[in-house]
Amino acid sequence: MPTHYKKAGFDIVDAPNAFTKLFENERPYFEARFRYGKTADIDHLLEKLSAKGLTRAENTLMVPNMTLEFNEPKMLLYGVQMADIKDLLQELFGTYHILNLKGTEGENSVRLSSEKTSMVEKLKMTVPGANNTSYPLNLFVNMAYGLQPKYIAADKAGVYYSAFYKTQDTDVVQLQNMIRKASMESGFSVDFSGRYFEDRVQLKQLLTVFLVVLLLLYLSWLCNMKIFCCRLLSC
2 MPTHYKKAGF
12 DIVDAPNAFT
22 KLFENERPYF
32 EARFRYGKTA
42 DIDHLLEKLS
52 AKGLTRAENT
62 LMVPNMTLEF
72 NEPKMLLYGV
82 QMADIKDLLQ
92 ELFGTYHILN
102 LKGTEGENSV
112 RLSSEKTSMV
122 EKLKMTVPGA
132 NNTSYPLNLF
142 VNMAYGLQPK
152 YIAADKAGVY
162 YSAFYKTQDT
172 DVVQLQNMIR
182 KASMESGFSV
192 DFSGRYFEDR
202 VQLKQLLTVF
212 LVVLLLLYLS
222 WLCNMKIFCC
232 RLLSC
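For the sequence shown, my numbering assigns the number 2 to the initial residue and increments by one for each residue that follows.
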């Protein structure tokens, strides 16, 4: 490398041990999972908690989204069909299916791409109604902007947003109490997960196994002592 690539930099490290990789746990040390609150309030909650050293997970990232709502009473009043509106929306906001071409290589779809015009201009397009009258699309479709999660995380209890604590130098009980209080103030319920709780469960299991082994050794010693005493008395 130094001979052929003089400006290149590199490091030589040991390859990961297969045994170490087998038992490697990439889960965060402490994780808080927030549920059942309003999506718009999660940012405010996590901003308060980030001051305590908590890191936001990817499932808390928000991206803008657009929602279109149909005004069905007006559609009935003006004799506009839902199918016509959906066809026009597909033409305006995506690709519009024109026809299928059949050939030796199978069937191919021909689609027409929509123009990149503003949302307001697109909703000014007309849709046919009763008595051969056309009406602007924005008369029947309301457009609203909002936010939605970029990534969705869920478990058996449902969808949740999470924040985690990477290091082990913390008072977990105090941290839990602080998070519970902040969650209640923001209208969220919270539960906890992570290696901290898994390690406690494993420690209890190991302690139980140790006590069982100790009890078995004691019973074995007691049995051997009884046999020894019986032999001693018989002599």
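Virtual Cβ for every residue (Gly too), placed ideally from N, Cα, C.
Note that this is a predicted model, so its numbers are computed, not measured.
Check whether the region 194-211 touches the region 46-60, counting contact only when three or more Cβ pairs, one atom from each stretch, lie closer than 8 Å.
-> Judged by Cβ distances under 8 Å, the region 194-211 makes no contact with the region 46-60, as fewer than three pairs qualify.
Below 8 Å CB to CB, which residues in the same chain sit around D85 once its five sequence neighbours on both sides are set aside?
-> Locating residue 85 in the sequence shown gives position 84, where the first residue counts as 1. So the qualifying residues of the chain are V128, P129.
Rounded separation between V14 and R28 - CA only | Counting from 1 along the sequence shown, the entry for residue 14 is found at position 13. Counting from 1 along the sequence shown, the entry for residue 28 is found at position 27. Distance between the alpha carbons of V14 and R28: 24 Å.
Measure the CB-CB distance between L46 and V142 and report whether it falls below 8 Å.
-> Looking up residue 46 in the sequence shown gives position 45. Looking up residue 142 in the sequence shown gives position 141. No. Outside cutoff.
With burial defined as no fewer than 16 other Cβ atoms inside 10 Å of the residue's Cβ, what is the status of G195: buried or exposed?
-> In the sequence shown, the residue the question calls residue 195 occupies position 194. Per the 10 Å Cβ criterion, buried.
For M120, does the count of other Cβ atoms within 10 angstroms reach 16, so buried, or fall short, so exposed?
-> Reading the sequence shown from its first residue, position 119 is the one you call residue 120. Label assigned to M120: exposed.
Would you call M226 buried or exposed, if buried means 16 or more other Cβ atoms sit within 10 Å of its Cβ?
-> Position 225 of the sequence shown, counted from the start, is the residue given in the question as residue 226. M226 comes out exposed.
Would you mind sorting S135 into buried or exposed? The rule is 16 or more other CB atoms within 10 Å of its CB.
-> Indexing the sequence shown from 1 puts residue 135 at position 134. Exposed: under 16 other Cβ atoms inside 10 Å.
Measure the CB-CB distance between A33 and V191 and report whether it falls below 8 Å.
-> Residue 33 sits at position 32 when you count from the first residue of the sequence shown. Residue 191 sits at position 190 when you count from the first residue of the sequence shown. For A33 and V191, yes; Cβs fall inside 8 Å.
Alpha helix (DSSP H) runs wholly inside the region 111-164, at least 4 long, in chain order = 120-123
Using DSSP with H/G/I as helix, E/B as strand and the rest coil, what is A1?
-> Past the boundaries of the shown model lies residue 1; the chain is included only from 2 to 236, so the question cannot be answered.
Where does Y166 fall in DSSP's three states?
-> Taking the sequence shown and counting its residues from 1, the one referred to as residue 166 is at position 165. Residue state, collapsed to three classes: strand.
Kindly give me the distance between the Cβ atoms of F31 and V174, rounded to whole angstroms, as I take these residues to be in contact under 8 Å.
-> Counting from one through the sequence shown, the residue named residue 31 turns up at place 30. Counting from one through the sequence shown, the residue named residue 174 turns up at place 173. That belief does not hold up - the Cβ atoms of F31 and V174 are roughly 11 Å apart, past 8 Å.
Could you pull the start and end residues of the beta strand (DSSP E) that F71 belongs to?
-> Against the sequence shown, residue 71 aligns to sequence position 70. Residues 63-71.
Tell me, to the nearest whole angstrom, how far the beta carbon of Y161 is from that of R36; I am working on the premise that it is less than 8 Å.
-> Numbered from its first residue, the sequence shown carries residue 161 at position 160. Numbered from its first residue, the sequence shown carries residue 36 at position 35. Correct: roughly 5 Å between the Cβ atoms.
What is the DSSP secondary structure of F193, counted as helix, strand or coil?
-> To locate residue 193, count along the sequence shown from 1; it is residue 192. In the structure shown, F193 sits in a strand (DSSP, three-state: E or B).
In angstroms, rounded to a whole number, what distance separates the CA positions of P65 and P150?
-> Position 64 of the sequence shown, counting from 1, holds the residue named residue 65. Position 149 of the sequence shown, counting from 1, holds the residue named residue 150. A direct Cα-to-Cα measurement between P65 and P150 gives close to 9 Å.
Starting from I13, follow the alpha helix (DSSP H) in both directions and report where the run begins and ends.
-> Within the sequence shown, numbered from 1, the residue matching residue 13 stands at position 12. From DSSP, I13 is part of no alpha helix (DSSP H); its letter is neither H nor E.
Pick out whichever of N178, N60, R181 has its Cα sitting closest to the Cα of A155.
-> Against the sequence shown, residue 155 aligns to sequence position 154. For the residues N178, N60, R181, the minimum Cα distance to A155 belongs to N60.
Taking the Cβ atom as the reference point for each residue, do Y146 and L62 lie within a distance shorter than 8 Å?
-> Here residue 146 refers to the residue found at position 145 of the sequence shown. Here residue 62 refers to the residue found at position 61 of the sequence shown. Not closer than 8 Å, so no.
Below-8 Å beta-carbon distance, F198 vs any chain D residue | Looking at the structure shown, chain D is missing, and only one protein chain is on hand.
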